[in-house]
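Anchor point for the sequence shown: position 351 equals 885 in this note's numbering, and the numbering is continuous, going up by one each time. Built from N, CA and C at the ideal position, the CB exists for glycine as well. Every value quoted in this text rests on a predicted model; they were computed, and no experiment measured them.
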Amino acid sequence: MMLLNVYHVEDDDDAIKTISDSCCLVNSQFEKEFGKENSVEIKYFNIRSFEEFQTQHKELEIDILIIDLKLGPELKNLNGLKCLYLIKDREIIPVVIFSAYTTEIPEDKELERLIFTTVPKGVQDTELLIKTLKHVFGLKYYYKHQKNRILGEFEKITLETFSELMKEDEFLKVDTNLFAILATSRLTSLLLNSPPNDQKTFPPESIFIFPPLELKTISQSSVMLGDFLNFTDERKRESLWVVCSPSCDLIFESTRKPKIREILLLRCYESPKQIWKYERLGDTDRNSALDDLFENRTCKVIKSPPKIFGVNHLFIYFKDYTTIQYNTVIEGFSNGSWKKVATLATPYAESLQHMFVHDFSRIGTPDTPNRKAESEWLDQFKKQN
């Protein structure tokens, strides 16, 4: 069972009871949906003033924050809003503003970095409050679930990463698995992009996959960031995956202890007909769907020498990922079910670990000077059988 700590900064007893009762209701709904063992235990805590929150916030393990904008008897300023400035640099904390003054939130660039949504007090539609709280709790639940599975990759993700997607009128439409998906896509985007504004040094036609011209022996004694792995299952079906764990350095030596317990992998497709989500669509519908993925920056098309994979382009869908245990990797390489077939062919790969650590300021796939080329590659990918 996962614990979610909900802190509510509020001094009105009626509002405190409303939120407390709503948290209990959402908790029971989660238990019915996930089962008791896999469910969420929501712990509700009330703090009655900004000053109290200011004194305690550094010691609190806050998963979700709920605030009123105006606290105290005078109601002359938005003192509750100050709580947001105290948490803006902490790891992801979704905020629900439950207040009668939601229309008075000022425009502030620092606030634009935060993840928050509003529910007006006094609105008779309690269903909206329940629905919003459940959505917010779900966002944090899936984030913590994936963070526990993929350990260090999530450590540097901050609030500012998500500002553009958390527009108020779109909030309830956001996938509750968003945090996990964006973390994965962020890692992948760093892995698969050439250095910005450096086309002359790293032309897009040549930087991606090694060896670029002739086949060479690829060492099977290690797994590194940027390696492409072929997996053969029990039914002899093959699939291709790219390693995007930022601290991955699995050297298969009995005396060497691994630094990580799991590897994060993204699925690579050699034909549009392989893509699981679109396998039942006709060619026209499938191509349209692939265009949408490309425009939404949830996929990447990379050029690959056909001598390596037998195709000219590979398609990587950021939401199609998996993790495997370190011991499973060793066993797979021993029995031949996992095999390293290629790796990135650019010096940029050597600095990827530093990029993972230092550059988490942007969301999803960053802009690159090669977007036009990628669009052309997508058209070529559609023609591959």
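Per DSSP, the bridge partner or partners of residue i
i: residue 578; result: 540
i: residue 777; result: 799
i: residue 599; result: 541 and 629
i: residue 833; result: 851
i: residue 765; result: 773 and 872
i: residue 858; result: 797
i: residue 818; result: Residue 818 is not bridged to any residue.
Separation of residue j from residue i, as counted between CA atoms
i: residue 589; j: residue 603; result: 18 angstroms
i: residue 627; j: residue 595; result: 10 angstroms
i: residue 665; j: residue 837; result: 44 angstroms
i: residue 796; j: residue 827; result: 27 angstroms
i: residue 825; j: residue 841; result: 27 angstroms
i: residue 566; j: residue 910; result: 48 angstroms
i: residue 847; j: residue 585; result: 58 angstroms
i: residue 821; j: residue 758; result: 33 angstroms
i: residue 762; j: residue 834; result: 15 angstroms
i: residue 606; j: residue 572; result: 39 angstroms
i: residue 620; j: residue 645; result: 11 angstroms
i: residue 805; j: residue 908; result: 16 angstroms
i: residue 660; j: residue 668; result: 12 angstroms
i: residue 865; j: residue 819; result: 40 angstroms
i: residue 829; j: residue 855; result: 20 angstroms
i: residue 547; j: residue 678; result: 31 angstroms
i: residue 564; j: residue 540; result: 15 angstroms
i: residue 631; j: residue 654; result: 8 angstroms
i: residue 850; j: residue 843; result: 14 angstroms
i: residue 778; j: residue 568; result: 30 angstroms
i: residue 769; j: residue 871; result: 11 angstroms
i: residue 542; j: residue 807; result: 49 angstroms
i: residue 574; j: residue 553; result: 17 angstroms
i: residue 649; j: residue 799; result: 28 angstroms
Check: residue i C-beta below 8 angstroms from any heavy atom of the ligand GDP
i: residue 579; result: The model depicted lacks the ligand GDP and carries no ligand whatsoever.
Opening and closing residue of the beta strand (DSSP E) in which residue i lies
i: residue 803; result: 796-803
Cβ-based burial, residue i [other Cβ within 10 Å; buried from 16]
i: residue 861; result: exposed
i: residue 579; result: exposed
i: residue 760; result: buried
i: residue 537; result: exposed
i: residue 803; result: buried
i: residue 561; result: buried
i: residue 599; result: buried
i: residue 597; result: buried
i: residue 557; result: buried
i: residue 544; result: buried
i: residue 633; result: buried
i: residue 612; result: buried
i: residue 839; result: buried
i: residue 735; result: Residue placement at residue 735 is poorly supported in this model, since its pLDDT is 39, which falls under 50; the coordinates are not used for a value here.
i: residue 663; result: buried
i: residue 774; result: buried
Range of the contiguous alpha helix (DSSP H) that encloses residue i
i: residue 651; result: No alpha helix (DSSP H) holds residue 651; the beta strand (DSSP E) holding it covers 650-654.
i: residue 501; result: This structure does not reach residue 501, given that the chain is present from 535 up to 919, and the question cannot be answered.
i: residue 840; result: 840-843
i: residue 918; result: Note, residue 918: premise wrong, no alpha helix (DSSP H); not H, not E.
i: residue 616; result: 616-621
i: residue 589; result: 584-590
For residue i, three-class secondary structure by DSSP
i: residue 757; result: strand
i: residue 639; result: coil
i: residue 562; result: helix
i: residue 573; result: coil
i: residue 634; result: coil
i: residue 672; result: helix
i: residue 807; result: helix
i: residue 752; result: coil
i: residue 846; result: coil
i: residue 606; result: coil
i: residue 611; result: coil
i: residue 663; result: helix
i: residue 594; result: coil
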